[in-house]
Amino acid sequence: MKNEEKQIGQAAGGKIGTGIRLKLFSFLLPLVFLLIALVTWVVTEVTESALRRDLLQRGAAISRVVALSAGHSLLANDPLGLDRLVSETRSSDPDIAFVAVRDASDIVVAHDRVSERGKAYRHVPPLLPLGTFGDTHADEVVRDGRRYIEYTTPISFAGRRVGIASLGLSMEGLAAAQRSIRRPIIAAAAVILVVAFFGTILLSSYITTPVKRLYQGVLSLGSGETFQPVPARSSDELGDLTRNFNRMAETILAQKTDLRKKAHQLEESYISMVRVIAASLDARDPYTMGHSTRVARMACELGRRLGMEEEELMHLERAAIFHDLGKIQTPDELLLKGERLTREEEEQMKNHSADGTEILRMAPFLHRYIPVVRAHHEWYNGDGYPDGTKGDRIPLHAHLIALADAFDAMTTDRPYRQALSTEAAITEIMRFRGTQFDPELADAFAKMVREMPPMGEVPLKSMAL
Ligand SMILES: [Fe+2]
């Protein structure tokens, strides 16, 4: 049960850290990504819009300057002055694609491309009106497959319109400027994104680590392992919760230890009581006085020789003490009969194995002895009682108790016969080797009995059970 809890705990412990961390991570990271993307988009839009507005205003200003400068030359019919004006204007800014001055009849009188001069101005339909700046109007147009911002500014002199100045700004310049602005913004966003990614991991870890520690503390307390107080480093609610948990765990552990001690005391006193009952039972019949303790002593000695640990020997001793507990229900006239029992009486006597298990069933911590007590009269070949169990299906402790029980019965006086000698009893046991008794255990028992000092008086310690 404890192992299952431990396994579940370990599995759950692994999940809680990653579970919460994953939830935080999957919530925070998209949020941060979204915010960065939004900020990047807004910054790019605002910057590009400012750049576009600046370009529009710059073009409009140049167009107005051309219109102002061209008025006098146009009236004075000074083509050289106009040529110089368009030429200088064209070369003043690399974004300027063309400059044209036309007269009131819409005939081009000056153009940076000489071939256009003297021709009617080539109008193209505007793609998009871009606004009016004072008396200058700007449109987005396509000329010869290329996109331009075309400015149109009327040329007035002395209150009279004498012509029109046209200026074309290349859109490619604007696009290049926008690209050059976009690049550092995107690079900065990428750096922020990487920082945010690792920041989110650190933040998730910072939040989940104390929760994970607390959860492992709960599991450790629940599994009954040695409890180590959970470190509470923060002074926030989580820190308070951890400190309170540590106090609660200490109280639970103290109560658990106390309860375990009391349960052990209760178990010991109950077993002592059963031992007293077993001893009293032996005492009912002067011929079986000390029988249970002698059986326990021999069974344990054999168990020790077979390599049993101390804890197992303790359980073997208890089972041996309890083995004939069922005889408490056997009537005196049967138990103390001074002659051999009849077949019916023998059958009635056989009930004591099953009766003993019913008594042990009353206390849960004695349940472990039930199979041994029930099987202490089973035979190796299956001819025993009450269930006819055979071979390895009979508990090992029951095999050992059966040998010691038979030996003690044979080596003590009975009203109807004298006690057998040790050798005679061993001979009897060996006669039933492989039928009543496990052959290997019977050999080991015979060897042990020959090597053991005479049983003599039962030690006081055992009698005082
Ligand atoms: Fe018995």
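Per this note's numbering, residue 2 is the first one in the sequence shown, and the count goes up by one each step.
Using N, Cα and C, we set each Cβ at its ideal position, and we do this for glycine too.
Remember, it's a predicted structure, so these values are computed and weren't measured experimentally.
1) Near L57, which residues of its chain fall below 8 Å by C-beta distance, leaving aside the five closest residues on each side in sequence?
2) By a C-beta neighbour count over all protein chains shown, 10 Å radius and 16 as the cutoff for buried, is V450 buried or exposed?
3) Are there 16 or more other CB atoms within 10 angstroms of the CB of K328, so buried, or fewer, so exposed?
4) Should L204 and L29 be called a contact, given that it needs their Cβ atoms to be closer than 8 Å?
5) With respect to the alpha helix (DSSP H) encompassing H400, which residues constitute its N-terminal and C-terminal limits?
6) Excluding five sequence neighbours on each side, which residues of the same chain lie with their C-beta closer than 7 Å to the C-beta of A105?
7) Taking the alpha carbon of T358 as the point to measure from, which residue in V275, I108, D94 and D237 has its own alpha carbon closest?
8) For V109, count neighbouring Cβ atoms within 10 angstroms of its own Cβ and tell me buried if that reaches 16, exposed if not.
9) Any C-beta of chain D sitting closer than 8 Å to the C-beta of L220?
10) When you compare the segment 47-65 with the segment 232-252, are there three or more beta-carbon pairs, one atom per stretch, that lie closer than 8 Å?
11) For H292, is the beta carbon positioned less than 7 Å from some heavy atom of ligand 1?
12) Go ahead and pull the three-state DSSP assignment for V125.
13) With a threshold of 7 Å (Cβ to nearest heavy atom), would D1 be considered close to ligand 1?
14) Between the C-alpha atoms of D113 and V102, what's the straight-line distance to the nearest angstrom?
15) If we ignore side chains and look at the alpha-carbon of each, how far apart do V47 and L32 end up?
16) For K439, report the span of its alpha helix (DSSP H) as first-last.
17) Under 8 Å by Cβ, that's how I've got A321 and S281 pegged, so tell me the actual separation to the nearest angstrom.
18) Among T289, T331 and T209, which one has its Cα closest to the Cα of I484?
19) Run the CB neighbour count on D107, radius 10 Å, all protein chains shown included, and call it buried at 16 or more, exposed below.
20) Would DSSP call S167 helix, strand or coil?
21) Is the separation between the beta-carbon of I253 and that of L220 shorter than 8 Å?
22) Among S167, L175, V44 and E340, whose alpha-carbon lies nearest the alpha-carbon of Q1?
23) For the segment 230-277, list the alpha helix (DSSP H) runs that are entirely contained and at least 4 residues long, ordered along the chain.
24) Considering only the beta carbon of each residue, do I430 and A447 sit closer than 8 Å?
Looking at the coordinates:
1) Stepping through the sequence shown from its first residue, residue 57 is reached at position 56. Cβ within range, chain order: L131, G132, F134, A139 and I150.
2) Along the sequence shown, read from residue 1 onward, the residue named residue 450 stands at position 449. Buried, by the Cβ-count rule.
3) Here the question's residue 328 lines up with position 327 in the sequence shown. Classification for K328: buried.
4) Within the sequence shown, numbered from 1, the residue matching residue 204 stands at position 203. Within the sequence shown, numbered from 1, the residue matching residue 29 stands at position 28. In contact: L204 and L29 (Cβ atoms closer than 8 Å).
5) Within the sequence shown, the letter at position 399 stands for residue 400. L397 to M411 is the extent of the alpha helix (DSSP H) around H400.
6) Against the sequence shown, residue 105 aligns to sequence position 104. Same-chain partners within the cutoff: R162, V163 and G164.
7) Taking the first residue of the sequence shown as position 1, residue 358 is located at position 357. Ranking V275, I108, D94 and D237 by Cα distance to T358 puts V275 first.
8) In the sequence shown, counting from the first residue as 1, residue 109 sits at position 108. Per the 10 Å Cβ criterion, buried.
9) No chain D appears in the structure shown, which is made up of a single protein chain.
10) no
11) What you label residue 292 is simply residue 291 of the sequence shown in a count that begins at 1. No, since every heavy atom of ligand 1 falls outside the 7 Å radius drawn around the Cβ of H292.
12) The count along the sequence shown starts at 1 and reaches residue 125 at position 124. The answer is coil: DSSP assigns V125 none of H, G, I, E or B.
13) In the structure displayed, the chain extends from 2 to 466; residue 1 sits before or after that span and is not available.
14) On the sequence shown, position 112 is the one that residue 113 refers to. On the sequence shown, position 101 is the one that residue 102 refers to. In a straight line, the C-alpha of D113 is about 10 Å away from that of V102.
15) Numbered from 1 along the sequence shown, position 46 holds the residue referred to as residue 47. Numbered from 1 along the sequence shown, position 31 holds the residue referred to as residue 32. Between V47 and L32, the C-alpha separation is close to 22 Å.
16) One-based indexing of the sequence shown puts residue 439 at position 438. The amino acid at residue 439 is misidentified as Lys; the sequence shows Asp. No alpha helix (DSSP H) holds D439; DSSP gives it neither H nor E.
17) In the sequence shown, residue 321 corresponds to position 320, counting from 1. In the sequence shown, residue 281 corresponds to position 280, counting from 1. Actually they do not touch by this definition, with Cβ atoms about 16 Å apart.
18) Outside the modelled stretch of the chain, which goes from 2 to 466, sits residue 484, for which no answer is possible.
19) By 1-based counting over the sequence shown, the position of residue 107 is 106. With fewer than 16 Cβ atoms within 10 Å of its Cβ, D107 is classed as exposed.
20) As a position in the sequence shown, residue 167 is number 166, starting the count at 1. In this structure, S167 counts as strand in the three-state DSSP scheme.
21) Here residue 253 is taken as the residue at index 252 of the sequence shown, counted from 1. Here residue 220 is taken as the residue at index 219 of the sequence shown, counted from 1. Result no, Cβ atoms of I253 and L220 do not sit closer than 8 Å.
22) Residue 1 is absent from the structure shown; the chain starts at 2 and stops at 466.
23) none
24) Here the question's residue 430 lines up with position 429 in the sequence shown. Here the question's residue 447 lines up with position 446 in the sequence shown. In this structure, A447 lies closer than 8 Å to I430 by Cβ.
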